[in-house]
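A.B. asks: Sequential numbering of the sequence shown, starting at 471, is according to the working numbering.
Positions of the beta carbon are idealized from the N, C-alpha and C atoms, including for glycine.
None of these values were measured; they are calculated from a predicted model.
Structure below; questions to follow.
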Amino acid sequence: MSHDRIDSILQEERQFAPPPAFTRLARIRSASELAALRDRAAADHTGFWADLARGELSWHSPFQTALDDSAAPRYQWFTEGTLNVSYNCLDRQLANRGDKTAIIFEGESGDTRRITYAELHREVCRFANALKAQGVVKGDRVVIYMPMIPEAVIAMQACARIGAIHSVVFGGFSAESLKDRIEDAGAKLLITADGGHRGGKIIELKAAADKALSHGCASIEKVIVYKRSGHTINMQAGRDVWWSDAVAAQAAQCEPLWVESEHPLFLLYTSGSTGKPKGIQHSSAGYLLGATVTMKWVFDIRDDDVFWCTADVGWITGHSYVAYGPLACGATLVIYEGSPAVPDTGRFWKLCQDHHVTIFYTAPTAIRALMKHGDAIPGRYDLSKLRLLGTVGEPINPEAWMWYHRIIGHERCPIVDTWWQTETGAHMIAPVPGAVPTKPGSCTLPLPGIAADVVDEQGNSITKPDKGGYLVIKKPWPFMLRTIWGDHDRYIKTYWGKFGGKYYLAGDSARRDQDDYFWIMGRIDDVLNVSGHRLGTMEVESALVAHPRVAEAAVVGRPDDIKGEAIFAYVVLKGERPAGGVDTALTEELRAWVTEQIGAIAKPDDIRYADNLPKTRSGKIMRRLLRSIAAGEAITQDTSTLENEAILLQLQGKQ
Ligand code: WT7
471 MSHDRIDSIL QEERQFAPPP AFTRLARIRS ASELAALRDR AAADHTGFWA
521 DLARGELSWH SPFQTALDDS AAPRYQWFTE GTLNVSYNCL DRQLANRGDK
571 TAIIFEGESG DTRRITYAEL HREVCRFANA LKAQGVVKGD RVVIYMPMIP
621 EAVIAMQACA RIGAIHSVVF GGFSAESLKD RIEDAGAKLL ITADGGHRGG
671 KIIELKAAAD KALSHGCASI EKVIVYKRSG HTINMQAGRD VWWSDAVAAQ
721 AAQCEPLWVE SEHPLFLLYT SGSTGKPKGI QHSSAGYLLG ATVTMKWVFD
771 IRDDDVFWCT ADVGWITGHS YVAYGPLACG ATLVIYEGSP AVPDTGRFWK
821 LCQDHHVTIF YTAPTAIRAL MKHGDAIPGR YDLSKLRLLG TVGEPINPEA
871 WMWYHRIIGH ERCPIVDTWW QTETGAHMIA PVPGAVPTKP GSCTLPLPGI
921 AADVVDEQGN SITKPDKGGY LVIKKPWPFM LRTIWGDHDR YIKTYWGKFG
971 GKYYLAGDSA RRDQDDYFWI MGRIDDVLNV SGHRLGTMEV ESALVAHPRV
1021 AEAAVVGRPD DIKGEAIFAY VVLKGERPAG GVDTALTEEL RAWVTEQIGA
1071 IAKPDDIRYA DNLPKTRSGK IMRRLLRSIA AGEAITQDTS TLENEAILLQ
1121 LQGKQ
């Protein structure tokens, strides 16, 4: 589609009303139904959430207090209540959905498995018993470093069943990153696999785990290894146990451990503006409530749906919309292990066709990457079962939105653009698809009970349309993070410092239009969004300076058509700058180095060598200037405060 055509569509039909065929069967069918929910939330914020918590979750013992804010900003929801998350996801379904498919799995090479709720319950129980047999007790941390296979979900659910706190580390992270996370969490047990499959290759998970454990991770007592790839790996006697051996003698029943609402369900590490990722700590009851209600409000989940969220369980999206939300709603979900480009870029659409996917949720970066290959590829597949599409992770550009709408959704499916974060636990600003008209590029309106606002430097609401400001949440919500593991001060400073403890600071800038629709403009901190994943510039800088030849590094984002942001690094070497600022061999070495330090997602796209970094006289690196240079823009900033103005030509690659 031409840009002119897109522009004209955007001008003529800026709003896309909920399609009548969708609305007819939707859970929430009209603006007035949604308004009733909002009004109820506005009238009694905690009462609104308390009613939902009573109605949506199965409690072992009821809670008395909806919200305890006596230790704010450590908010506590539904205290005195006890429940079990795994019970809510599995046992609850057995009576009516025991034989229903819970998980449809497909591996990259096309191997498939279907697991019913009864089978999933059994496997989770057996693995929970295995964990207990290995000495795991309530509150212990368990790190999960797995390929995208059902066992990753089984491992998470098994932890939840016995009150162990899981911390999933994305399989694309390096040994070094794995080690840091294991050590920060003080994990007792690691669950991994011999290897996973992606892009036709074997991802050497066990080898990376061995490397992590060989130079640290003293807290790890046992490693459970699932056999997936079947290739030869090292097993350390006394420490490493095959999954199949660990579960062999275990009973298929395991009483769920009833835990307090606030008991930590998991930690998930995410990047911030320092070099060290932070362990975001989530609760049990409040978190599960968020995953559950948003499955209903935003995904309109029904019993006959086949729900596919393409995220890996290593990210929050894979927690809320693979491992927990769909199961808590008794839905059928799809898990795919491999790459969207194997054997060709039609794979996602073939999966949608073959498994009759009705709800499809992915990242704008994936949409843009697949769009590049043209309309003919999705055109080969029957996508008629799709009824709802979703996006997450970054703002979606209108061109990609229109392609998704026309070529994938056949103009029949609403698109839910969902704004949220690792910290928020579940969707915060997103359309309720049967009730809210959508606009390409906007995540639309806050969900009921979510007090999102855009404020100025002083914390005053910005009412003028289209004026940007800080995105904040003005009231606590049940699925919010509780703290940063081991660093409550950092939690208070990062999220509550800016507005005197009153508002949660999301770290994004946003504006609202004349219809009060939210438009996310980008991060306000030194955090990049690379392919929908958060990455701290400091993290990449620390990795670079750990290399023996690097003296100093500054990392910024450069706009990228597919990835959203590409990683651009300016490097000052110890010793001479390479002639003409080019050293291809060293560049490759540094790229490989960062991959080893963090993971392939952090690999710099561009490295430029300079004698110096542009600093003010007080020694502050002028990042805005570096961003302009990376983007190839003309320099409009005032460079008179620059200590070493001559460096600009080098940085621009002109010298
Ligand atoms: C950051 C959170 C939430 C799961 C995936 C990322 C950006 C997220 C959107 C959206 C515009 C978005 C924000 C946010 N973001 N969703 N729909 N529109 N921006 O989780 O790694 O915690 O990153 O992703 O900048 O702060 P995350």
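State the DSSP-derived secondary structure class of residue 667, mapped to helix, strand or coil.
C.D. replies: It is a strand residue.
A.B. asks: Tell me the residue span of the alpha helix (DSSP H) that contains residue 837.
C.D. replies: Unbroken alpha helix (DSSP H) run through residue 837: 834-841.
A.B. asks: Can you check DSSP and say which residues form a bridge with residue 1029?
C.D. replies: BP columns for residue 1029 point to 1035.
A.B. asks: For residue 539 versus residue 948, is the C-beta spacing smaller than 8 Å?
C.D. replies: No, the Cβ-Cβ distance between residue 539 and residue 948 is not below 8 Å.
A.B. asks: Cβ-heavy atom distance between residue 865 and the ligand WT7 below 7 Å?
C.D. replies: Yes, since a heavy atom of the ligand WT7 falls inside the 7 Å radius drawn around the Cβ of residue 865.
A.B. asks: Taking 8 Å as the cut-off, decide whether the C-beta atoms of residue 579 and residue 613 are in contact.
C.D. replies: No, Cβ-Cβ distance for residue 579 and residue 613 is not below 8 Å.
A.B. asks: How long is the line joining the alpha carbons of residue 634 and residue 548, rounded to whole angstroms?
C.D. replies: Spanning the two alpha carbons is a distance of roughly 20 Å.
A.B. asks: Between which two residues does the alpha helix (DSSP H) holding residue 637 run?
C.D. replies: From DSSP, residue 637 is part of no alpha helix (DSSP H) but of the beta strand (DSSP E) over 635-638.
A.B. asks: Which same chain residues end up closer than 8 Å to residue 582 when comparing Cβ atoms and leaving out the 5 residues on each side of it in sequence?
C.D. replies: If we look at residue 582 and ignore the five residues flanking it on each side, its Cβ neighbours are 574, 575, 576.
A.B. asks: For a test of the three-state rule: what should DSSP assign to residue 599, helix, strand or coil?
C.D. replies: The answer is helix: DSSP assigns residue 599 an H, G or I state.
A.B. asks: So for residue 662, helix, strand or coil by DSSP?
C.D. replies: Three-state DSSP puts residue 662 in a strand.
A.B. asks: Check whether the Cβ of residue 982 lies closer than 7 Å to any heavy atom of the ligand WT7, and answer yes or no.
C.D. replies: No, the Cβ of residue 982 stays beyond 7 Å of every heavy atom of the ligand WT7.
A.B. asks: My output table needs one value for residue 919: the three-state DSSP class, helix, strand or coil.
C.D. replies: It is coil, neither helix nor strand.
A.B. asks: Checking 8 Å against the spacing of the C-beta atoms, do residue 742 and residue 964 come in under that value?
C.D. replies: Going by C-beta atoms, residue 742 is nearer than 8 Å to residue 964.
A.B. asks: Where residue 1011 and residue 705 are concerned, what is the direct C-alpha to C-alpha distance, given to the nearest angstrom?
C.D. replies: Their Cα atoms are separated by approximately 35 Å.
A.B. asks: For the region 875-943, list the beta strand (DSSP E) runs that are entirely contained and at least 3 residues long, ordered along the chain.
C.D. replies: Runs found: 885-888, 922-925, 939-943.
A.B. asks: Give the DSSP-derived three-state secondary structure of residue 508 in the structure shown.
C.D. replies: Here residue 508 sits in helix by DSSP.
A.B. asks: When every heavy atom of the ligand FMN is checked, does at least one fall within less than 7 Å of the C-beta of residue 906?
C.D. replies: As far as ligands go, the structure on display features the ligand WT7 and does not contain the ligand FMN.
A.B. asks: For residue 482 and residue 875, I'd like the C-alpha separation in whole angstroms.
C.D. replies: Only weak support exists for where residue 482 lies, its pLDDT of 46 falling under 50; the value from the coordinates is given anyway. Roughly 16 Å separates the two Cα atoms.
A.B. asks: Please report the distance separating the alpha-carbon of residue 646 from that of residue 605.
C.D. replies: Cα to Cα, residue 646 sits roughly 26 Å from residue 605.
A.B. asks: Can residue 891 be considered in contact with the ligand WT7, in the sense that its beta carbon sits closer than 7 Å to one or more heavy atoms?
C.D. replies: Because some heavy atom of the ligand WT7 lies under 7 Å away, the Cβ of residue 891 counts as near it: yes.
A.B. asks: Which residue from 653, 691, 640, 658 puts its Cα closest to that of residue 674?
C.D. replies: It is 640 whose Cα lies nearest to the Cα of residue 674.
A.B. asks: For residue 485, count the other beta carbons within 10 Å of its own beta carbon; 16 or more makes it buried, fewer makes it exposed. Which is it?
C.D. replies: So residue 485 counts as exposed.
A.B. asks: Can you tell me the Cα-Cα spacing of residue 831 and residue 904, whole angstroms?
C.D. replies: Approximately 17 Å between the Cα atoms of the pair.
A.B. asks: Quick one: Cα of residue 1000 to Cα of residue 1035, how far?
C.D. replies: Near 5 Å, if we compare the C-alpha coordinates of residue 1035 and residue 1000.
A.B. asks: Looking at the structure shown, is residue 1059 part of a helix, part of a strand, or coil, going by DSSP?
C.D. replies: The answer is helix: DSSP assigns residue 1059 an H, G or I state.
A.B. asks: Closest to residue 752 by C-alpha separation, out of 1031, 1112, 761, 745, would be which residue?
C.D. replies: Nearest of 1031, 1112, 761, 745 to residue 752, Cα basis: 761.
A.B. asks: Note down the Cα distance separating residue 825 from residue 624, rounded to an integer number of angstroms.
C.D. replies: Distance between the alpha carbons of residue 825 and residue 624: 21 Å.
A.B. asks: Write down the C-beta distance between residue 632 and residue 598 rounded to the nearest angstrom, noting that I regard them as a contact closer than 8 Å.
C.D. replies: Their Cβ separation, rounded to whole angstroms, is 5 Å, which keeps residue 632 and residue 598 in contact under 8 Å.
A.B. asks: Can you tell me the Cβ-Cβ gap for residue 926 and residue 983, rounded? I've got them flagged as a contact below 8 Å.
C.D. replies: Between residue 983 and residue 926 the Cβ distance is about 17 Å, and since that is not below 8 Å, they are no contact.
A.B. asks: Is residue 924 near the ligand WT7 - that is, is its Cβ less than 7 Å away from at least one heavy atom of it?
C.D. replies: Incorrect: residue 924 has no Cβ contact closer than 7 Å to the ligand WT7.
A.B. asks: Could you check whether residue 755 and residue 522 sit closer than 8 Å to each other, using their CB atoms as the reference points?
C.D. replies: No.
A.B. asks: Output yes or no for whether 8 Å exceeds the beta carbon distance between residue 660 and residue 615.
C.D. replies: Yes.
A.B. asks: Does the beta-carbon distance from residue 942 to residue 932 come in below 8 Å?
C.D. replies: Contact: no.
A.B. asks: What span of residues does the alpha helix (DSSP H) with residue 991 cover, start to end?
C.D. replies: Here residue 991 belongs to no alpha helix (DSSP H); instead the beta strand (DSSP E) covers 988-993.
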